[in-house]
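Colleague: Chains as they are written, first to last, in our numbering: chain Z, 1 to 125; chain W, 1 to 387.
Even glycine gets a Cβ: it sits at the ideal position worked out from N, Cα and C.
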Amino acid sequence: MKKNDFILIIIILAITGLVCCFSMITRKNATTEGAKVVVTIDGREYGVYPLNEDMSETIELIDGTSNTLVIKDGYADITQATCPDQICVNHIHIHYDGETIVCLPNKLVIEIVDGTENEVDGVTH
Amino acid sequence: MFNAILGFACLAKPFLVDEKETQVYNITMEKFKSKKGLIASILVIVLFIFFVVEQGVIQTADNTNAKYTANFLDVFDTSTDITVYANSDEEAEREFKIIKEKLDHYNKLFDIYNDYEGINNLKTINDNAGISPVQVDSDIIEMLKFGKEMYELTDGKVNIAMGSVLSIWHDYREYGINNPGDASLPDLGELNAAKEHTDINDVIIDEKESSVYLKDEKMSLDVGSIAKGYAVQQVLQFCKEQGMENVLFSVGGNIAAIGKKPDGANFKIAIQNPNLNSQEPYVRTVEISDGQSVVSSGDYQRYYEVDGKKYCHIINPDTLFPSDEFAQVSVLASDSGLADGLSTALFNMSYEAGNALINNLENTEAMWVYHDGTIVYSKHFEENIVN
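1) Given the structure, does W:A231 come close to the ligand GDP, in the sense that its CB is under 7 Å from one of the ligand's heavy atoms?
2) Given a threshold of 16 other Cβ atoms within 10 Å of its Cβ, counted over all protein chains shown, does W:Y25 qualify as buried or as exposed?
3) Identify the continuous beta strand (DSSP E) that holds Z:G122 and give its terminal residues.
4) Taking 8 Å as the CB-CB limit, is Z:N4 close to chain W?
5) Let me check understanding here. Comparing Cα to Cα, which of W:D216, W:S138, W:E287 lies closest to W:G264?
6) Can you confirm whether the region 203 to 221 of chain W touches the region 139 to 153 of chain W when touching is taken to mean that 3 or more C-beta pairs between the two stretches lie within less than 8 Å?
7) Could you check whether W:G253 and Z:V123 sit closer than 8 Å to each other, using their CB atoms as the reference points?
8) If you check the beta carbons only, do W:V306 and W:G189 fall under 8 Å apart?
9) Spell out whether any CB of chain W is found under 8 Å from the CB atom of Z:T116.
10) Determine, using beta carbons only, whether W:V235 comes closer than 8 Å to chain Z.
11) Does W:K240 come out as helix, strand or coil in the three-state DSSP assignment?
12) CB-CB under 6 Å to W:N316, same chain, minus the five flanking residues each way: which ones, in chain order?
13) Nearest to W:S88 by CA position, among W:A70, W:F96, W:D104, W:N65, is which residue?
14) At a CB distance below 8 Å, what residues from the region 76 to 97 of chain W approach chain Z? Give them in sequence order.
15) Could you confirm whether any beta carbon from chain W is found closer than 8 Å to the beta carbon of Z:V102?
16) Would you kindly work out how many angstroms separate the C-alpha atoms of W:A345 and W:L361, rounded to a whole number?
17) Which same chain residues, not among the five before or five after W:K379, have their C-beta less than 6 Å away from its C-beta?
18) In whole angstroms, what is the alpha-carbon distance linking W:L191 and W:S164?
19) Go ahead and pull the three-state DSSP assignment for W:Y106.
20) What residues in its chain sit with their C-beta under 8 Å from that of W:L103, if we drop five residues either side in the sequence?
21) DSSP three-state label for W:G298, please.
22) Suppose the cutoff is 7 Å on Cβ atoms and the five residues either side in sequence are ignored; what does the same chain contact list for W:G118 look like?
23) Taking the alpha carbon of W:S41 as the point to measure from, which residue in Z:L51, Z:L13, Z:T40 has its own alpha carbon closest?
24) Which parts of the region 122 to 169 of chain W are runs of the alpha helix (DSSP H), unbroken and 4 residues or longer, counting only runs that do not cross its ends?
25) Which residue's Cα is closest to the Cα of W:G224: W:N246, W:G337, W:A193, W:F238?
26) On a CA-only basis, which of W:R284, W:Q328, W:K260 is nearest W:E383? Give me that one, please.
27) Does the beta carbon of W:Q135 come closer than 8 Å to any beta carbon on chain A?
28) Answer yes or no: does any C-beta atom of chain W fall closer than 8 Å to that of Z:I41?
29) Listed from N- to C-terminal order along the chain, which residues in the region 155 to 184 of chain W have their beta-carbon within a distance smaller than 7 Å of any beta-carbon of chain Z?
30) Is it a yes or a no for the region 67 to 80 of chain Z touching the region 88 to 96 of chain Z, going by three-plus beta-carbon pairs under 8 Å?
31) When we look at the beta-carbon of W:Q59 and count the other beta-carbons within 10 Å, is it buried (16 or more) or exposed?
32) Chain W partners of Z:N90, CB-CB under 7 Å?
33) Can you grab the Cα-Cα spacing for the pair W:H371 / W:P274, in whole Å?
34) Using a Cβ cut-off of 7 Å, pull out every chain W residue sitting near Z:I87, in sequence order please.
35) Per DSSP, which one or two residues make a beta bridge with W:Q328?
36) Please name the residues in the region 295 to 325 of chain W whose beta-carbon is closer than 7 Å to at least one beta-carbon of chain Z, in chain order.
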């Protein structure tokens, strides 16, 4: 086998490898960069926020109740709420696709959409 | 598979040889075989690998067995998440509709606080205690029979006839949560008086008449310790009969699975860390597959505080006060109702007694977390832990 054959094989392998890597990287980036926090109140979409932009907003409902949504370093959290049980405030911040924080008294849900695939499929409470 | 690739390479070879080279093909055949053949094979192998990788990309973008999730906030006073894998939006919607209708059905039947038009539920039975038997849906009869079985199995640590005691705690807790500065504890005398009306033998089930009668007028049913798990088990069985193959139920953290994930992997279920101040959201992660269920009971979610001390919603039938030996107990079982009931029972028992109970049951395991973070397991629980 000639030297050129070797070079050809290596070039082919290198190109394939690069294309594969590139396609995998773009796929991964597409999921993390596109991650959003979707807020719904009583089943109706209230707002969508990108997970990669830090922000803080107090979401006030008509009846005077409120929840404060904070997005920081790629994590979404509820840091304050007027609800009596405070389950949403006690809930740890969320980051992975499909994770939610629910405030049952205020019927408010924040959910991660198009985020990084979560390793776990469900969580007991 | 490798043979197939080589076969491919041999077939592909002639097409890769250009015309000029065919003229000298016979003379240099041996050389050709080794060189061009090798290059062609490698090309084909590379193409094949490329195809497989890209195929993976196409498949995930495709709708085949795509993952769908739905969240409901109006059943069992908790948050419900359902995950299905379907080939189209319509199929997923259809499955969610079936599941939601079933959950609604059981939610209404097992409700002790609300009336529903045209339905006799547990509230109707409680309202008629000491007055008359109430005609009910056979689903209520079956659930109450299961409740009596759980009473026997747990030596009374799960008692669905303890409504009189639980309602006192419920009222104090609700008041305490809404008026934190003014929270107080119920009087033990009041609780002891209520305990007189918790005899499960006074729950008279007439299967022939499909009726239920509470003999003691001061007694009431409260199925909070089993209702969610029992309902999930019934819905799960119904969905199986409907041909659903991969479903994950989470009704307020009461988790059960039909099948596995479409790729053949088990469902990974994280168990919430009872220490809410910890940076670790989960204490352990377990794997479950078809028919398995995992349920946790703990003092970290539904509770109220009196003078800085937490009092949770799980009331020990013996002391009539919340149990505080463990922060959390999780049960893995092949029946969701059993897992639900046992997690409550174990929360009310010592580790030794609970472990003895679990080790007597097949396909049932448990994990106890103490307040200091210490974790203990039943015999085979650790075999289900991932990593």
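Modeller: Let's see:
1) The ligand GDP is not among the ligands present in this structure, which contains no ligands whatsoever.
2) For W:Y25, the pLDDT reaches just 42, beneath the cut-off of 50, and the residue's location in the model is therefore unreliable, although a value from the coordinates is still provided. Of the residues assessed, W:Y25 falls on the exposed side of the cut-off, its CB having fewer than 16 other CB atoms within 10 angstroms.
3) First-last of the beta strand (DSSP E) with Z:G122: 122 to 124.
4) With a threshold of 8 Å between beta carbons, Z:N4 makes no contact with chain W.
5) Taking only the C-alpha atoms, the option nearest W:G264 is W:E287.
6) In the pairwise beta carbon analysis, the region 139 to 153 of chain W is classified as touching the region 203 to 221 of chain W: at least three pairs are separated by under 8 Å.
7) Yes, the pair counts as a contact, with Cβ atoms nearer than the cut-off.
8) Judged by their CB atoms, W:V306 and W:G189 are not nearer to each other than the 8 Å cut-off.
9) Not an interface residue.
10) No, no contact with chain Z.
11) In the three-state reduction of the DSSP assignment, W:K240 falls in the helix class.
12) Hits under 6 Å: S323, N348.
13) Nearest in C-alpha terms to W:S88, of all of W:A70, W:F96, W:D104, W:N65, is W:N65.
14) Those would be D77, T78, S79, D81, T83, in chain order.
15) With 8 Å as the cut-off, Z:V102 counts as an interface residue toward chain W.
16) Their Cα atoms are separated by approximately 14 Å.
17) Excluding five sequence positions before and after W:K379, the CB atoms of its chain that fall closer than 6 Å to its own CB belong to N359, given in chain order.
18) Each residue's Cα considered, the two are about 8 Å apart.
19) DSSP, reduced to helix, strand and coil, places W:Y106 within a helical segment of the structure shown.
20) For W:L103, where only same-chain residues beyond five positions count, the Cβ hits under 8 Å are F72, V75, F76, T80, A231, V235, V251.
21) It is a strand residue.
22) Excluding positions up to five away in sequence, the list is empty.
23) In this structure, Z:L13 is the residue among Z:L51, Z:L13, Z:T40 with its C-alpha nearest to the C-alpha of W:S41.
24) Here the runs fully enclosed are 122 to 127, 138 to 153.
25) Nearest option by C-alpha distance: W:G337.
26) Distance from the Cα of W:E383 is smallest, within the candidate group W:R284, W:Q328, W:K260, for W:R284.
27) This model lacks chain A altogether, as its protein chains are Z and W.
28) Z:I41 has a beta carbon lying at 8 Å or more from every beta carbon in chain W.
29) Considering only beta carbons, the part of the region 155 to 184 of chain W lying closer than 7 Å to chain Z consists of I177, N178, in chain order.
30) Touching, yes.
31) Caution applies to W:Q59, whose pLDDT of 47 falls short of 50 and renders its modelled position unreliable; the model cannot decide the point.
32) In chain order: L276.
33) Inter-residue distance for W:H371 and W:P274 is about 8 Å (C-alpha atoms, whole angstroms).
34) The contacting residues are Q301.
35) W:G298, W:V369, per the DSSP bridge assignment.
36) Of all residues in the region 295 to 325 of chain W, the ones placed with a Cβ closer than 7 Å to any Cβ belonging to chain Z are V295, S296, Q301, in chain order.
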